[in-house]
Amino acid sequence: MNFETIVFYVFAALTVFAGLRVITARNPVHAVLFLVLTFISCAGIWILLEAEFLAITLVLVYVGAVMVLFLFVVMMLDINLVRLREGIWRWLPFGAALAGLMAFEMIWVLGSSGASAGKSAVKHAADYSNTKELGRLIYTDYVYPFEIAAVLLLVAMVAAIALTLRRRKDAKSQVVAEQVAVRKADRLRIVAMQSESKESGK
Amino acid sequence: MMELLQTLEQTGLDLLGPLWLPLWTVVKIMLIVLPIMGAVAYLTLAERKVIGYMQIRIGPNRVGYYGLLQPLADGIKLLFKEIIIPSGSSKALFILAPIMALAPSLAAWAVVPFNEGMVLSNLNAGLLYILAMTSLAVYGIIIAGWASNSKYAFLGAVRSAAQIVSYEIAMGFALVCVLMASQSMNLTDIVNGQKGGFGLLNWYMLPLFPMFLVYLISGVAETNRAPFDMAEGESEIVAGFHVEYSGMAFALFFLAEYANMILIAFLTSIMFLGGWLSPLPFLPDSFIWLLGKVSFILFLFLWFRATFPRYRYDQLMRLGWKVFIPLTIVWVVVVAAWMQTPLWVW
Numbered sequence: 002m003n004f005e006t007i008v009f010y011v012f013a014a015l016t017v018f019a020g021l022r023v024i025t026a027r028n029p030v031h032a033v034l035f036l037v038l039t040f041i042s043c044a045g046i047w048i049l050l051e052a053e054f055l056a057i058t059l060v061l062v063y064v065g066a067v068m069v070l071f072l073f074v075v076m077m078l079d080i081n082l083v084r085l086r087e088g089i090w091r092w093l094p095f096g097a098a099l100a101g102l103m104a105f106e107m108i109w110v111l112g113s114s115g116a117s118a119g120k121s122a123v124k125h126a127a128d129y130s131n132t133k134e135l136g137r138l139i140y141t142d143y144v145y146p147f148e149i150a151a152v153l154l155l156v157a158m159v160a161a162i163a164l165t166l167r168r169r170k171d172a173k174s175q176v177v178a179e180q181v182a183v184r185k186a187d188r189l190r191i192v193a194m195q196s197e198s199k200e201s202g203k
Numbered sequence: 005m006m007e008l009l010q011t012l013e014q015t016g017l018d019l020l021g022p023l024w025l026p027l028w029t030v031v032k033i034m035l036i037v038l039p040i041m042g043a044v045a046y047l048t049l050a051e052r053k054v055i056g057y058m059q060i061r062i063g064p065n066r067v068g069y070y071g072l073l074q075p076l077a078d079g080i081k082l083l084f085k086e087i088i089i090p091s092g093s094s095k096a097l098f099i100l101a102p103i104m105a106l107a108p109s110l111a112a113w114a115v116v117p118f119n120e121g122m123v124l125s126n127l128n129a130g131l132l133y134i135l136a137m138t139s140l141a142v143y144g145i146i147i148a149g150w151a152s153n154s155k156y157a158f159l160g161a162v163r164s165a166a167q168i169v170s171y172e173i174a175m176g177f178a179l180v181c182v183l184m185a186s187q188s189m190n191l192t193d194i195v196n197g198q199k200g201g202f203g204l205l206n207w208y209m210l211p212l213f214p215m216f217l218v219y220l221i222s223g224v225a226e227t228n229r230a231p232f233d234m235a236e237g238e239s240e241i242v243a244g245f246h247v248e249y250s251g252m253a254f255a256l257f258f259l260a261e262y263a264n265m266i267l268i269a270f271l272t273s274i275m276f277l278g279g280w281l282s283p284l285p286f287l288p289d290s291f292i293w294l295l296g297k298v299s300f301i302l303f304l305f306l307w308f309r310a311t312f313p314r315y316r317y318d319q320l321m322r323l324g325w326k327v328f329i330p331l332t333i334v335w336v337v338v339v340a341a342w343m344q345t346p347l348w349v350w
């Protein structure tokens with residue numbers, strides 16, 4: 002067993018453990034943090050596969066942005082743990098059946114293709130750039146799927162904004178351009194007054 | 005210098021065999037981390053001195069000559085203070101949070117080059133790695149705010165996280181311009197891309213000047229420094245996310261903040277100011293130039309703090325989303341178009 006295999010098993014065990022804790026942790030915030038750990042150990046496995054671009058992007062996008070917002074939402078929710086745990090035994094058979102089906106599908110797909118069986122990956126030279134290779138593939142062979150994915154994301158984004166876009170009538174807002182354009186003469190009026198003597202003030 | 009290193013490495017390899025590589029790496033990590041910690045300590049002193057003089061005070065001057073031992077005294081004081089864990093807090097996360105704040109800001113140094121070939125890990129995707137590591141720093145703040153089980157801490161954490169996530173986008177796009185200009189994500193290649201016969205006219209600061217400003221200002225916001233220190237906001241939410249922390253746990257947050265400042269200063273110098281390249285073509289390139297540039301940017305950080313009043317939260321969000329992000333996106337297109345023309349000489 003060489004060093005890389007050991008590292009792989011460490012990351013794989015960490016991923017499985019963290020994944021299990023995501024669904025078993027009592028506190029939802031802890032669950033989200035375990036999900037973060039799952040992502041990070043997945044990124045570790047991808048680095049082992051020399052897919053450094055994907056691994057770092059996983060950390061950058063999912064851990065650095067998506068999960069932060071997720072954590073936000075979960076922290077602010079008022080979650081009733083008792084209600085959440087109600088009826089777990091009733092739904093357990095369905096969940097187990099679904100998980101079994103997914104595991105079966107994965108084994109079926111990965112096992113039959115033979116890609117992973119008994120072949121060891123060929124190491125690339127030190128100057129091999131995974132990023133360049135990915136970019137080349139995305140913009141040549143897979144340009145249509147890539148563009149469709151981009152359009153889908155854009156539509157989802159527009160839809161998400163449109164769903165939450167409502168204008169409140171009593172909302173106060175600030176027009177910065179007008180504020181910046183204000184001149185002294187608009188706000189300040191200088192009044193010339195005769196000075197008053199002491200007696201007249203009383 | 006390089007020959008000495010090579011002989012050293014060869015003797016080590018002969019003596020220790022396979023154990024040499026991990027040992028040598030640990031030594032190199034120490035060579036990077038210890039000076040950073042020293043720099044952090046003296047940056048706190050420099051900050052108090054600089055702001056002191058700007059406000060016509062003297063600043064710390066009792067401990068050692070000119071107050072030079074002040075950071076040491078501060079460190080010892082914080083070390084001996086009791087760490088209080090609030091009741092009702094999430095204990096493990098409460099202790100994990102300061103560690104999570106400091107760790108990414110140190111991990112990012114792995115790919116920062118100090119001179120030609122003087123880098124711990126010459127990663128091809130170095131720029132991405134830096135972005136990923138700096139984006140992790142926000143976890144320390146959020147976890148600290150939540151685990152403290154205090155409203156002030158939580159509000160501080162929410163403010164800070166929203167701020168960091170917003171400004172990260174602008175920073176990312178600014179760096180996209182840099183990687184387009186240099187056509188590489190390797191930090192050493194980025195510096196070498198700014199090499200040329202005209203000294204400082206070859207630096208990316210010139211064609212990417214708006215991005216340079218955006219990156220610098222976003223860097224100030226990203227490190228939660230004044231005038232963007234809404235996360236601490238002493239006048240509104242006492243001290244923000246670290247209000248419940250004491251002793252060394254509290255000190256770790258400050259170590260992280262200052263380490264992040266130094267990191268941003270290094271990155272700005274490397275991406276926009278030509279790293280270790282000399283500003284005048286007839287002077288030799290050297291690490292000292294990099295140190296000079298970094299010191300100047302750090303001085304800017306302190307200067308900002310002494311000069312500008314704190315932003316209001318909505319102004320901060322407006323600046324990030326409505327000014328910086330559109331500006332960076334437009335500049336990405338401008339640079340892309342510019343690079344197709346013969347007018348691009350960088």
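As they're listed, the protein sequences go chains A and B.
Numbered according to this note's numbering, the first sequence spans residues 2 to 203.
Numbered according to this note's numbering, the second sequence spans residues 5 to 350.
Glycine residues also receive a C-beta, built at the ideal position from the N, C-alpha and C atoms.
All values reported here derive from a predicted model rather than from experimental measurement.
Interface residues of chain A facing residue i [CB-CB closer than 9 Å]
i: ILE146 of chain B; result: VAL69, LEU72, PHE73, MET76
i: ALA165 of chain B; result: VAL69, LEU70, LEU72, PHE73
i: VAL162 of chain B; result: PHE73, MET76, MET77
C-beta contact flag for residue i and residue j at 8 Å
i: ALA225 of chain B; j: LEU106 of chain B; result: no
i: GLY149 of chain B; j: VAL162 of chain B; result: yes
i: THR132 of chain A; j: ALA165 of chain B; result: no
i: VAL3 of chain B; j: LEU127 of chain B; result: Because chain B here runs from 5 to 350, residue 3 of chain B falls outside it and cannot be looked at.
i: PHE98 of chain B; j: SER152 of chain B; result: yes
i: ALA66 of chain A; j: SER109 of chain B; result: no
i: ALA43 of chain B; j: ILE266 of chain B; result: yes
i: LEU284 of chain B; j: GLY203 of chain B; result: yes
i: GLU248 of chain B; j: PRO346 of chain B; result: no
i: LEU179 of chain B; j: LEU135 of chain B; result: yes
i: LEU61 of chain A; j: TRP47 of chain A; result: no
i: LEU131 of chain B; j: MET189 of chain B; result: yes
i: VAL123 of chain B; j: THR192 of chain B; result: yes
i: GLY79 of chain B; j: LEU49 of chain B; result: no
i: ILE274 of chain B; j: VAL334 of chain B; result: no
i: GLY244 of chain B; j: GLY144 of chain B; result: no
i: ILE87 of chain B; j: GLY251 of chain B; result: yes
Cα-Cα separation between residue i and residue j, rounded to whole angstroms
i: ASN206 of chain B; j: LEU323 of chain B; result: 30 Å
i: TRP342 of chain B; j: LEU220 of chain B; result: 23 Å
i: PHE95 of chain A; j: ALA32 of chain A; result: 22 Å
i: ALA118 of chain A; j: GLY112 of chain A; result: Only weak support exists for where ALA118 of chain A lies, its pLDDT of 49 falling under 50; the value from the coordinates is given anyway. Looking at the two C-alpha atoms, the distance is approximately 7 Å.
i: LEU55 of chain A; j: SER42 of chain A; result: 13 Å
i: ILE191 of chain A; j: MET137 of chain B; result: 57 Å
i: VAL182 of chain B; j: LYS173 of chain A; result: 39 Å
i: ARG86 of chain A; j: LEU36 of chain A; result: 19 Å
i: VAL54 of chain B; j: LEU295 of chain B; result: 18 Å
i: ALA174 of chain B; j: PHE286 of chain B; result: 36 Å
i: VAL23 of chain A; j: LEU76 of chain B; result: 43 Å
i: LEU82 of chain B; j: PHE258 of chain B; result: 11 Å
i: VAL336 of chain B; j: THR227 of chain B; result: 24 Å
Amino acids of chain B, ordered along the chain, whose beta-carbon sits closer than 7 Å to that of residue i
i: VAL30 of chain A; result: TRP150
i: SER42 of chain A; result: Per Cβ cutoff of 7 Å: no residues; SER42 of chain A is ~14 Å from chain B at best.
i: ILE57 of chain A; result: ALA129, LEU132, TYR133, ALA136
Buried versus exposed, by CB contacts within 10 Å (16 or more), residue i
i: TYR133 of chain B; result: buried
i: PHE300 of chain B; result: exposed
i: MET107 of chain A; result: exposed
i: TYR140 of chain A; result: exposed
i: GLN2 of chain B; result: One cannot answer for residue 2 of chain B here, as it falls past the ends of chain B, which runs 5 to 350.
i: ALA255 of chain B; result: buried
i: PRO211 of chain B; result: buried
i: TRP109 of chain A; result: exposed
i: SER4 of chain B; result: Residue 4 of chain B lies beyond the range of chain B shown here (5 to 350); nothing can be said about it.
Within chain B, the residues that residue i reaches when beta carbons sit closer than 9 Å
i: VAL177 of chain A; result: GLN319, ARG322, LYS326
i: PHE157 of chain A; result: Sequence inspection shows Ala at residue 157 of chain A; the Phe mentioned does not correspond to that position. Ordered by position in chain B, no residue passes the 9 Å Cβ test against ALA157 of chain A, which lies about 18 Å from the chain.
i: GLU53 of chain A; result: LEU127, ASN128, ALA129, LEU132, TYR133
Contact set between residue i and chain B, taken where Cβ atoms lie within less than 8 Å
i: ALA66 of chain A; result: SER139, VAL169, GLU172
i: LEU61 of chain A; result: LEU132, LEU135, ALA136, SER139
The ligand GDP heavy atom lying under 7 Å from the CB of residue i
i: GLN198 of chain B; result: The ligand GDP is absent from the structure shown, which contains no ligands of any kind.
Chain A contact residues for residue i, given Cβ-Cβ distances below 7 Å
i: VAL142 of chain B; result: VAL69
i: MET189 of chain B; result: THR132
Chain A residues whose Cβ lies nearer than 8 Å to that of residue i
i: MET275 of chain B; result: Going along chain A, no residue has its Cβ under 8 Å from MET275 of chain B, so there is no contact; the nearest lies around 17 Å.
Cutoff 8 Å: residue i Cβ touching any chain E Cβ
i: GLY20 of chain A; result: Structure shown: chain E not included; protein chains present are A and B.
Quiz prompt | Ranges of the beta strand (DSSP E) found wholly within the stretch 34 to 87 of chain A, counting only runs of at least 3 | solution = none
Quiz prompt | 4-residue-minimum alpha helix (DSSP H) runs that sit fully inside the stretch 129 to 181 of chain A, ordered along the chain | solution = 131 to 140, 144 to 165
Quiz prompt | Ranges of the alpha helix (DSSP H) found wholly within the stretch 303 to 342 of chain B, counting only runs of at least 4 | solution = 317 to 322
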